[in-house]
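Encoded as structure tokens, the structure appears first; notes follow it.
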Amino acid sequence: MSASQGTHRVLILGAGYAGMAAATQLAARTRRDDVQVTVVNAQERFTERLRLHMTATGQRLAELNIPHLLAGTGAQFVRGWVTAVDAHAKTVRVDDSRVLGYDTLVYALGSVTDTAAVPGVEEHAYALDGPNGATTLADRLARLGTGAVVVVGSGLTGVEAAAEIAERHPGVGVTLVGQQEPGASMNTRAQAYLRAALTRLGVQVITGTVVTRVLPDGVELAGAETLAADVVLWTGGTRVAPLAAAAGLTVDDRCRVVTDLALRSVSHPDVYAIGDAAAIRQGYGVLHGTCQSGMPTGVHAAVSIARTLRGRQPGPFRFGYYHTPVSLGRNDAVVQFTRPDDSPRRWCLTGRMAVWYKETVSASPWPTYRRMSRLPSSGAFWPRGGRFTRVREVR
Ligand SMILES: Cc1cc2nc3c(=O)[nH]c(=O)nc-3n(C[C@H](O)[C@H](O)[C@H](O)COP(=O)(O)OP(=O)(O)OC[C@H]3O[C@@H](n4cnc5c(N)ncnc54)[C@H](O)[C@@H]3O)c2cc1C
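Quick look at the structure:
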């Protein structure tokens with residue numbers, strides 16, 4: 004792509020939850036300006052990460068096509084795999100062969116499962132990173148019939164996956180193994196509900212345990228004990244691709260781009276970082292990767308870029324968590340309402356109301372992008388976190 008005289012080129016890397024929010028917002032906010040918005044993503048189909056445990060159990064999801072949604076918004080779509088960023092030359096290499104230039108870069112490449120965490124994960128375990136891995140797991144589970152599945156990681160991804168597998172494959176024995184109690188961040192009532200649902204579905208839970216190795220036929224636990232498994236699903240933590248680090252951007256110990264309050268890279272202010280790939284500090288700590296925070300980061304980056312192009316200063320990003328919705332198969336769920344710092348409130352929803360709530364949340368991003376591309380101000384509402392996130396100025 005060549006830079007036409009005067010045109011400001013904004014390149015958005017990644018069309019996940021955060022990148023799509025940035026793209027639809029920015030295209031709508033700069034429609035009358037000499038701005039070219041281009042989005043690069045590995046696939047044309049939008050990956051609903053929030054529903055990957057459904058894909059992994061053979062459930063078909065809606066075909067959400069990114070170029071179709073962007074058509075008419077003014078944003079261009081480029082399908083390809085980003086292989087390098089040159090922050091000095093302000094170029095991005097796609098599929099090793101194409102070079103795209105930018106004036107402003109939005110880095111939104113998300114995160115992947117940390118398959119380097121212990122030996123054997125890469126070779127012997129499945130992961131819920133994208134549609135291909137989830138579909139491969141679904142095929143394997145469909146052929147399994149009976150047998151043992153071990154889900155490693157008792158965080159919420161592991162809980163949702165274990166519940167879904169147990170519900171869809173009742174002949175299979177599912178064991179959830181991890182260090183923490185499932186639902187550890189929830190209040191006692193929500194946690195007890197979640198634990199009872201796992202028991203009802205027949206999921207065996209082993210906590211306080213570290214998995215030290217994945218074997219071809221099971222997992223090795225600390226202390227050398229082994230747990231036999233026909234299938235191992237690894238959900239133990241995430242990591243961010245080293246592209247930004249390789250480009251010389253300041254990153255944290257997980258390769259996330261460290262941002263200022265306006266979501267610009269602290270080392271390269273012409274690069275915005277959003278979603279899981281960014282280390283964004285709030286008054287209560289660094290955001291952990293969620294869709295609920297990722298979409299607002301995309302909107303905020305777009306608003307900031309539009310403001311900057313008009314010679315104004317971007318404002319500080321502020322976000323407070325408000326809920327943790329967790330599905331427990333298709334017929335049960337629990338929703339923990341939270342304080343802005345993600346600590347649990349007294350209120351939670353369970354059962355049918357929680358199923359409805361969780362489904363509403365999971366289904367909302369796509370219509371939200373559509374709405375924002377016509378009416379960008381409709382995307383500007385999210386909890387700012389009140390006293391938990393109050394800041395004085397943009398650094
Ligand atoms: C199974 C599961 C369940 C989850 N459930 C919830 C939940 O209930 N609620 C919640 O808030 N969060 C949930 N999360 C977390 C949530 O999915 C992430 O926080 C969210 O996806 C982050 O959005 P993102 O835009 O930063 O990254 P992503 O949504 O991962 O998007 C990144 C995009 O970049 C593309 N990409 C990556 N690298 C390249 C490259 N080199 N070249 C080209 N394209 C590339 C990817 O293909 C993808 O399209 C869940 C995650 C998982 C795995």
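If you count by the numbering used here, then the sequence shown holds residues 4 to 398, one letter each, in order. Note that CB positions come from ideal geometry on N, CA and C, so glycine has one too. Quantities reported herein were computed from a predicted structural model and do not represent experimental measurements.
Heavy atom of ligand 1 within 7 Å of residue i beta-carbon
| i | result |
| --- | --- |
| residue 242 | no |
| residue 56 | yes |
| residue 179 | no |
| residue 111 | yes |
| residue 293 | yes |
| residue 133 | yes |
| residue 170 | no |
| residue 46 | yes |
| residue 50 | yes |
| residue 280 | yes |
Exposure label - residue i; buried when at least 16 CB within 10 Å
| i | result |
| --- | --- |
| residue 144 | buried |
| residue 235 | buried |
| residue 167 | buried |
| residue 21 | buried |
| residue 379 | buried |
| residue 75 | exposed |
Cut-off 7 Å between Cβ atoms - residues of its own chain near residue i, not counting five sequence neighbours on either side
| i | result |
| --- | --- |
| residue 50 | 19, 133, 134 |
| residue 271 | 90, 252 |
| residue 215 | 121, 223, 224, 225 |
| residue 191 | none |
Nearest-angstrom Cβ-Cβ length linking residue i and residue j, presumed shorter than 8 Å
| i | j | result |
| --- | --- | --- |
| residue 96 | residue 87 | 4 Å |
| residue 184 | residue 210 | 5 Å |
| residue 36 | residue 312 | 6 Å |
| residue 169 | residue 59 | No, residue 169 and residue 59 are not in contact; Cβ-Cβ is about 12 Å, not under 8 Å. |
Beta-carbon spacing of residue i, residue j below 8 Å
| i | j | result |
| --- | --- | --- |
| residue 54 | residue 64 | yes |
| residue 429 | residue 159 | Outside the modelled stretch of the chain, which goes from 4 to 398, sits residue 429, for which no answer is possible. |
| residue 239 | residue 164 | no |
| residue 72 | residue 373 | yes |
| residue 110 | residue 305 | no |
| residue 151 | residue 176 | yes |
| residue 213 | residue 123 | no |
| residue 343 | residue 188 | no |
Close-in-space but distant-in-sequence residues of the same chain around residue i (CB under 6 Å, 5 per side omitted)
| i | result |
| --- | --- |
| residue 221 | 229, 230, 231, 232 |
| residue 292 | 114, 279 |
| residue 258 | 243, 245, 248 |
| residue 250 | 88, 90 |
| residue 307 | 265, 317 |
Sequence-distant residues of its chain with Cβ nearer than 8 Å to residue i (five each side left out)
| i | result |
| --- | --- |
| residue 5 | In this prediction, residue 5 scores a pLDDT of 38, lower than 50, which makes its location untrustworthy; the coordinate-derived value is nonetheless stated afterwards. Correct list, in chain order: 104. |
| residue 48 | 66, 67, 68, 69, 134 |
Check: residue i C-beta below 7 Å from any heavy atom of ligand 2
| i | result |
| --- | --- |
| residue 261 | Absence of ligand 2 from the depicted structure is noted, with ligand 1 being the only ligands included. |
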